[in-house]
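S.K.: Quick one: this structure, given as structure tokens, is what I'll be asking you about.
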Amino acid sequence: MIKVKDVSFSYQAGTEIIKDITLHFDQRSTAIIGQNGAGKTTFVKLLKGLLKPSSGDIIIGDSSVNETTPATLAKQIGLVFQNPNDQIFKRSVLEEVLFGPLNIGQNPELAKENALNALKMVGLENRLEVNPQDLSLSDKKLLCIASIIAMDTNIIILDEPTIAQDHLGKQKIKEIIQSLKEKQKLVMTIIHDMDFVAENFERTIVFQQGKAILDGSTREVFAESDILAAARVEPPSITQLGYWLGYKQVFLTEKELIETIKTDSKIAL
Amino acid sequence: MKALTLYEDRNTFIHHVHPINKLIYIFIIIVVPLILPLFPVLIAGIIMNTVLLLIANVFKKSLPIFGFVLLILLTVLIIQGLFHAENATPLFHLGPLLFYKEGFFYALQITLRVLNIVAAFMILVLTTKPSDLVETLVRKGLSPKIGYVLQSVFQIIPQMLSTMETISDAQRSRGMETEGNLFVRIKAFLPLLGPVVLNSLIQTRERAMALEVRGFSSLRHKTFLNEVKNYRYTTFIQFTLWLVLLAAIIWRVVL
Amino acid sequence: MKKIVVENLKYRYPSTEKLALDDISFTINQGEFIGIIGQNSAGKSTLCQALVGLVPHFYQGAYGGKVIVDGIEVKQSSISELSLKVGIVFQNPFTQVTGSKLTVYEEIAFGLENMGLTRIEMLERIDSVLDLFDITAVKNRNPFDLSGGQMQRMAIASIVAMKPDVIVLDEPTSQLDPQGSEEVFRAIGELSNQGMTVVMVEHKIEKIAEYSDRVLLLHEGKCVDFASPADIFSRDDLHEYGVVAPVYTRVCQALKQKNIDKKTYPATLSEAVEVLRGKIHD
Ligand SMILES: Nc1ncnc2c1ncn2[C@@H]1O[C@H](COP(=O)(O)OP(=O)(O)OP(=O)(O)O)[C@@H](O)[C@H]1O
Ligand SMILES: Nc1ncnc2c1ncn2[C@@H]1O[C@H](COP(=O)(O)OP(=O)(O)OP(=O)(O)O)[C@@H](O)[C@H]1O
Ligand SMILES: [Mg+2]
Ligand SMILES: [Mg+2]
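Chains as they are written, first to last, in this note's numbering: chain A, 10 to 278; chain B, -8 to 246; chain C, 227 to 508.
As structure tokens, then:
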């Protein structure tokens, strides 16, 4: 759905932030992980067309970002910003969510329906008239997610969606990602929470200093502990526990580990 | 998000002039034409300012601002040239329009004065790091709070621009067209204004908190990270500036 | 030595009807590392703001009870004077930037200038926090031209450089890469060992379990429990407060393996490994 070809980018001449990246994205849900400052946010802003590559090209569907405006691309690709303060600009929760759908040409009834559905998914359906500035950070982030989901684009990128979320918040986001996957959409998420990556994504890409140094199924990627350590990423807690208990295999969920211990155990459990 | 300042980091003589001297210079540029309301004085001011901007290597950077100011002044020139109350002596025709000497010169004088003042401020703003100016004044006894307000004034334009950029990104990434012909751009500009003002206000409030939790209003004696800079020829320049003022006064009295 | 005393603290925001903090009382000793946990909207950030005086000085509203830090009643002191003793790192680092400095280096110096430190002392402290939080490479960058994680590191650095007696951190590692958050916990833990009193809000429950001396569980503005990590995470009603125990605890609970005290479940990786290792065939 996205083809990235030899893309480089720099904010200031002389320091390249994205270095000659070539990647293809299909429908597999994808996590992008890596060190602070590795260039993850910059990379997705390039996909979104908000920044233009200094060389190379990106093809979304069948249009090249170099030849299209972000506004046109908005029909196909949605991005939830890392900092909610950068995204929110309307005076009520409902207006904020309606902005995108109306602008990409959904008719008012459909837009309203999509907006209300999206707000229900994040649990803000009872706060339609609240000024977004009075929301706590976690709710602001959920509002930003709702504003993008309501646009019903085929590609959805989330930049650190779990910031400030408690267990329930993460659960909601997990369900949202599942439902988007079921609708055959490409979900791409930048995230530092490895436990969340392990549970939710089929594919994982590791960024380091402007390059994609590792790309594969999530299980394969978490098996590469040396490369991960170099990219300053830790395996998920459950993987670590399995490792310290002396297992060779890579565990991604609690259930996997518990079952394995149960069958291995000397004691009656 | 861009740097919140108009300051241009260059290494020229003007950049090494003491900020206080630049303030005195602005004062002189404002006051001397009031003491000596003569065209040659205004012209001399224009020449002086242009030379200084060129030396400081920021002339190009100041052009858009002059362009904007001139656009406004041009309307003054036209209105006064045509309709000034004391208009009596015809000066020239422009198509069907007749410009009068009194109004035209009156407006020209205003134009030159404003240009001079704007230019003098540009010299200060473009060649002085806001924090250097504020620190100099605070060292000389100005209250840090007033200093902060002063600095914020310097930052208003760049700050608005950066807020505008942020909101514009939020809008175009959700399908609002901001690129294209003039009409599209104007159409995109209007819905920006409300949010820009509102978000700027919110930011101001957040900033106030950020300052307080770092001890900004504490009663302790403040110190500075930056050492007092070695400014060049400070006394000499200051002396010359005051001399110019004195000369203007004497000229006025003697004449 | 008692460092923070909170007595019957109640607070309500002006625009709301519900109490954000509802009759909270507790005491924190000098040098303790306190973790605060609770679901979204539990009142964690509000409590942080009450400890540094932003509540009630900045946010008006109904306020009752007392917060005493180092013998000073917060309500009677100005935020600025208090800030030299009690530092706070905000939940959103973006709102912590003063906006009056052009480089990361100067931004960190801002608080130090207000403290009246000598230039030499400033340089020393800034270099050390830049190194501690791994942002030396961006020290000459504009504070707004940073990645989210870099900005969060800068926010922590700018408060730690002030060396306050008490440091309050509201989810300081939410945008950090895994090793970065480990390093921040370790650095803050080290400061606490050296006598700094630490109050940290975090959803990263595994880290809270590992580093906290005691954990305060907050729910709908009330203090539900304030006890050791093992005690808190062994509670069987945790989920009622929207909190989930560390994955290590959950695995041990599923396998019914308690600590040697026979009462609590392991809360950290090392405890879990100790309890489980002997029970597995190789
Ligand atoms: N506006 C900007 N101007 C200059 N440099 C920038 C700007 N924004 C980001 N950078 C730099 O580009 C690099 C990549 O930043 P980016 O925001 O893409 O990182 P990231 O991988 O998203 O990090 P994080 O996990 O901290 O969010 C960083 O070194 C950052 O300092
Ligand atoms: N500025 C405000 N005005 C009005 N109500 C507020 C304000 N800030 C917070 N609240 C409300 O006070 C309650 C406590 O909020 P607080 O931000 O302290 O929660 P929190 O535990 O920090 O949550 P989170 O995990 O989302 O950060 C919530 O119901 C919230 O909606
Ligand atoms: Mg980022
Ligand atoms: Mg909070």
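Ideal Cβ placement from N, Cα and C applies to all residues, glycine included.
Examine ligand 5 and report whether any of its heavy atoms sits within less than 6 Å of the Cβ of L167/A.
M.R.: No copy of ligand 5 appears in this structure; the ligands present are ligand 1, ligand 2, ligand 3 and ligand 4.
S.K.: Would you say G48/A and A240/A are within 7 Å of each other, going by their C-beta atoms?
M.R.: no
S.K.: The beta strand (DSSP E) with K228/C in it runs from where to where?
M.R.: 228 to 238
S.K.: CB N266/C to CB S147/A, shorter than 7 Å?
M.R.: Their beta carbons are under 7 Å apart, which means N266/C touches S147/A by this criterion.
S.K.: Please work out which residues of its chain come closer than 7 Å, Cβ to Cβ, to L280/C, disregarding the five sequence neighbours upstream and downstream, and give them in chain order.
M.R.: I305
S.K.: Closer than 7 Å, Cβ to any Cβ of chain A: which residues of the stretch 462 to 487 of chain C, in chain order?
M.R.: G468, V469, V470, V473, Y474, R476, V477, A480, L481, K482
S.K.: Within 7 Å (strictly less), CB to CB, does H212/B reach chain C?
M.R.: yes
S.K.: According to DSSP, simplified to helix, strand and coil, what is A124/A?
M.R.: In the three-state scheme derived from DSSP, where H, G and I count as helix and E and B as strand, A124/A is classed as helix.
S.K.: Give me, in chain order, the residues of the same chain whose beta-carbon lies closer than 6 Å to that of D249/C; leave out the 5 immediate sequence neighbours on both sides.
M.R.: Within the same chain, D249/C has close Cβ partners N234, K236.
S.K.: Short of 8 Å Cβ to Cβ, which residues in the stretch 252 to 277 of chain A face chain C?
M.R.: W253, L254, G255, E263, L266, I267, I270, K271, D273, S274, K275, I276
S.K.: Would a check of beta-carbon distances place F145/B closer than 7 Å to chain C?
M.R.: F145/B does not count as touching chain C.
S.K.: Should the stretch 464 to 474 of chain C be regarded as contacting the stretch 418 to 435 of chain C, the criterion being three or more beta carbon pairs within less than 8 Å?
M.R.: yes
S.K.: At a cut-off of 6 Å, is L372/C close to ligand 1 when judged by its beta-carbon and the heavy atoms of the ligand?
M.R.: yes
S.K.: Ligand 3 heavy atoms versus the CB of Q91/A: any closer than 6 Å?
M.R.: Answer for Q91/A: yes, Cβ within range of ligand 3.
S.K.: Per DSSP, which residues does C449/C bridge with? Please list them.
M.R.: C449/C pairs with L444/C.
S.K.: Could you tell me if E339/C is buried or exposed, where buried requires 16 or more neighbouring beta carbons within 10 angstroms of its beta carbon?
M.R.: When all chains shown are included, E339/C counts as buried.
S.K.: Kindly say whether T50/A, judged by its beta-carbon, lies nearer than 7 Å to any beta-carbon of chain B.
M.R.: Closer than 7 Å: no.
S.K.: Is I506/C close to chain A, meaning its C-beta is less than 7 Å from at least one C-beta of that chain?
M.R.: Using a CB distance cut-off of 7 Å, I506/C counts as an interface residue toward chain A.
S.K.: Rounded to the nearest angstrom, what separates I26/B and R243/B at their Cα positions?
M.R.: 7 Å
S.K.: Please identify, using Cβ separations under 7 Å, the residues of the stretch 102 to 119 of chain A that lie next to chain B, in order along the chain.
M.R.: Cβ contacts with chain B come from F108, G109, N112, I113.
S.K.: Tell me which residues share the same chain as G447/C and place their Cβ nearer than 6 Å to its Cβ, disregarding the 5 neighbours each side in the sequence.
M.R.: L245, A246, L247, D248, G269
S.K.: Kindly indicate which residue of F96/B, F230/B, T157/B, V187/B has the alpha-carbon position closest to the one of Y76/B.
M.R.: A small correction: the amino acid at residue 76/B is Ala; Tyr does not occupy that position in the sequence shown. Here the closest residue by C-alpha is F96/B.
S.K.: Going along the chain, which residues of the stretch 312 to 342 of chain C sit with their C-beta nearer than 8 Å to a C-beta in chain A?
M.R.: Listed in chain order, the positions of the stretch 312 to 342 of chain C with a beta carbon within less than 8 Å of a beta carbon of chain A are Q317, N318, F320, T321.
S.K.: For the stretch 482 to 498 of chain C against the stretch 279 to 297 of chain C, are there 3 or more C-beta pairs whose distance is under 8 Å?
M.R.: No contact exists between the stretch 482 to 498 of chain C and the stretch 279 to 297 of chain C.
S.K.: Tell me whether the beta-carbon of I193/B lies closer than 7 Å to the beta-carbon of Q142/A.
M.R.: yes
S.K.: At the 7 Å Cβ level, is L395/C part of the contact set with chain D, yes or no?
M.R.: In the structure shown, chain D does not exist; the protein chains are A, B and C.
S.K.: So, helix, strand or coil for K(-7)/B, using DSSP?
M.R.: Any reading at K(-7)/B needs caution, since the residue's pLDDT is 48, under 50, leaving its predicted position unreliable; the model's value is listed next. Correct three-state label for K(-7)/B: coil.
S.K.: Please report the residue range of the beta strand (DSSP E) in which Y312/C lies.
M.R.: First, the residue type needs correcting, since residue 312/C is Val and not Tyr in the sequence shown. From DSSP, the beta strand (DSSP E) with V312/C extends over 312 to 315.
S.K.: Run the CB neighbour count on H6/B, radius 10 Å, all protein chains shown included, and call it buried at 16 or more, exposed below.
M.R.: buried
S.K.: Kindly indicate which residue of N217/B, L82/B, W233/B, D123/B has the alpha-carbon position closest to the one of E169/C.
M.R.: For residue 169/C there is no data in the structure shown, the boundaries of chain C being 227 and 508.
S.K.: Taking C-beta to C-beta, are G337/C and R198/B nearer than 7 Å?
M.R.: no
S.K.: Counting only the same chain and skipping the five closest in sequence on each side, list residues whose C-beta sits under 8 Å from that of F257/B.
M.R.: Chain B is shown from -8 up to 246; residue 257/B falls before or after that span and cannot be answered.
S.K.: Can you tell me whether DSSP reads Y20/A as helix, strand or coil?
M.R.: Looking at Y20/A - three-state DSSP - the assignment turns out to be coil, as it is neither helix nor strand.
S.K.: List the DSSP bridge partners of D66/A.
M.R.: Answer is K14/A.
S.K.: Hey, is D168/A's beta-carbon within less than 7 Å of any beta-carbon in chain B?
M.R.: no
S.K.: Going by DSSP in three states, P492/C sits in which element: helix, strand or coil?
M.R.: In this structure, P492/C counts as coil in the three-state DSSP scheme.
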